[in-house]
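Q:
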Amino acid sequence: AQKVTQAQTEISVVEKEDVTLDCVYETRDTTYYLFWYKQPPSGELVFLIRRNSFDEQNEISGRYSWNFQKSTSSFNFTITASQVVDSAVYFCALSGGGSGNTGKLIFGQGTTLQVKP
Amino acid sequence: DTGVSQNPRHKITKRGQNVTFRCDPISEHNRLYWYRQTLGQGPEFLTYFQNEAQLEKSRLLSDRFSAERPKGSFSTLEIQRTEQGDSAMYLCASSSSEYTGPYNEQFFGPGTRLTVL
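Order-wise, the sequence lines are chains A and B.
Here my numbering is used: the first residue of the first sequence is 13, the next is one more, and so on.
Here my numbering is used: the first residue of the second sequence is 11, the next is one more, and so on.
Here it is as structure tokens:
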């Protein structure tokens, strides 16, 4: 069975602090995809990144960076120099790969990030 | 606006009534997903369409739920004989398998919030 665990329910930081959101996943697929989505107070899920299981390179996009480690089944997300606008719920998600897979997303329970000014 | 749209945004109904939600995906997207999100939880997969074919249904989708996607364009999700436990945000997402691979990121609509009294 596939499962995504985000152990941190809520995180509160002060603006300009760095913050890391943890994500641990379980899957028996050899090919799979990992995602991060942001859900601001407005409610609409916003895609941030997709990573496939064969690409363990870390990725950086502006203040965002992602650390994918297959050895620990983790796909952690770091925000550098956090800003108030980063306040949102962040979801990690998993999708199976291989032929016949529908691409449905299995989400974690989410981490609520509050960035205080 | 060329994003995913959902109507209505909010629906309040009495227990036992039927409700129908509509999703208009991004026009060139052939894949369409429905998810349900309850308070404090991540979205849970309900069903998946590729073009007009419904290819996967979750165990969460009881007999009271039915979804359609006629002509492979918009989709509707109907709940019959609503129960208080059906109260949730119903999210629609679409993606394309045509351009950059079969498991592209899903773009989400704003959701329909259902309250069953």
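All residues carry an ideal CB built from backbone N, CA and C; glycine is no exception.
Since the structure is predicted, the reported quantities are computational estimates derived from the model, not experimental observations.
Could you spell out the range, first to last residue, of the beta strand (DSSP E) harbouring A/Q20?
A: From DSSP, A/Q20 is part of no beta strand (DSSP E); its letter is neither H nor E.
Q: Determine, using beta carbons only, whether B/P120 comes closer than 8 Å to chain A.
A: yes
Q: Please name the residue, chosen from A/Y45, A/K50, A/N64, that lies closest to A/A100 on a Cα-to-Cα basis.
A: Ranking the options by Cα distance to A/A100, first place goes to A/K50.
Q: Taking only beta-carbon atoms, is B/Q51 less than 8 Å away from chain A?
A: yes
Q: Give the DSSP-derived three-state secondary structure of B/Q94 in the structure shown.
A: helix
Q: Looking at the C-beta of B/E115, does it have a partner C-beta in chain A at a distance below 8 Å?
A: yes
Q: Chain A partners of B/F75, CB-CB under 8 Å?
A: Within chain A, no C-beta atom comes less than 8 Å from the C-beta of B/F75; the nearest is roughly 16 Å away.
Q: Check whether the Cβ of A/Q121 lies closer than 8 Å to any Cβ atom in chain B.
A: yes
Q: From the DSSP output, in three-state form, read off B/S68 for me.
A: In the structure shown, the three-state DSSP call for B/S68 is coil.
Q: So does the segment 12 to 30 of chain B actually touch the segment 112 to 121 of chain B, counting three or more Cβ pairs closer than 8 Å?
A: Inter-segment contact for the segment 12 to 30 of chain B and the segment 112 to 121 of chain B is present: three or more beta-carbon pairs are separated by less than 8 Å.
Q: Along the beta strand (DSSP E) that carries B/C33, what are the first and last residues, could you check?
A: 29 to 34
Q: Under 7 Å Cβ-Cβ, which residues of chain B neighbour A/R62?
A: E115
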